[in-house]
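Trainee: Residue numbers (this note's numbering): 376 to 449.
Virtual Cβ for every residue (Gly too), placed ideally from N, Cα, C.
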């Protein structure tokens, strides 16, 4: 895929030069392939249960108003 654009400023129109560049998809495809392999290798289907310390204290809420009940999707 090649695109041509005029090079130079608006005031320099005596000589028309064009700059041609091509869009290189090979590098982008390689990057997405590496990313896909990395994500597939790190995907865990097992349920992992985190280890929690016995002396862990969760923070208490400082809200003045109680939360409203909403529908749960899932």
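Measuring only the C-alpha atoms, how far is residue 437 from residue 425?
Mentor: Looking up residue 437 in the chain shown gives position 62. Looking up residue 425 in the chain shown gives position 50. Whole-angstrom Cα-Cα distance: 27 Å.
Trainee: Using the C-alpha atoms, what's the distance from residue 439 back to residue 419?
Mentor: Taking the chain shown and counting its residues from 1, the one referred to as residue 419 is at position 44. Taking the chain shown and counting its residues from 1, the one referred to as residue 439 is at position 64. For residue 419 and residue 439, the distance between alpha carbons rounds to 40 Å.
Trainee: Between which two residues does the beta strand (DSSP E) harbouring residue 394 extend?
Mentor: In the chain shown, counting from the first residue as 1, residue 394 sits at position 19. 392 to 397 is the extent of the beta strand (DSSP E) around residue 394.
Trainee: Roughly how many whole angstroms lie between the Cα atoms of residue 412 and residue 394?
Mentor: Here the question's residue 412 lines up with position 37 in the chain shown. Here the question's residue 394 lines up with position 19 in the chain shown. The alpha-carbon atoms of residue 412 and residue 394 are separated by roughly 37 Å.
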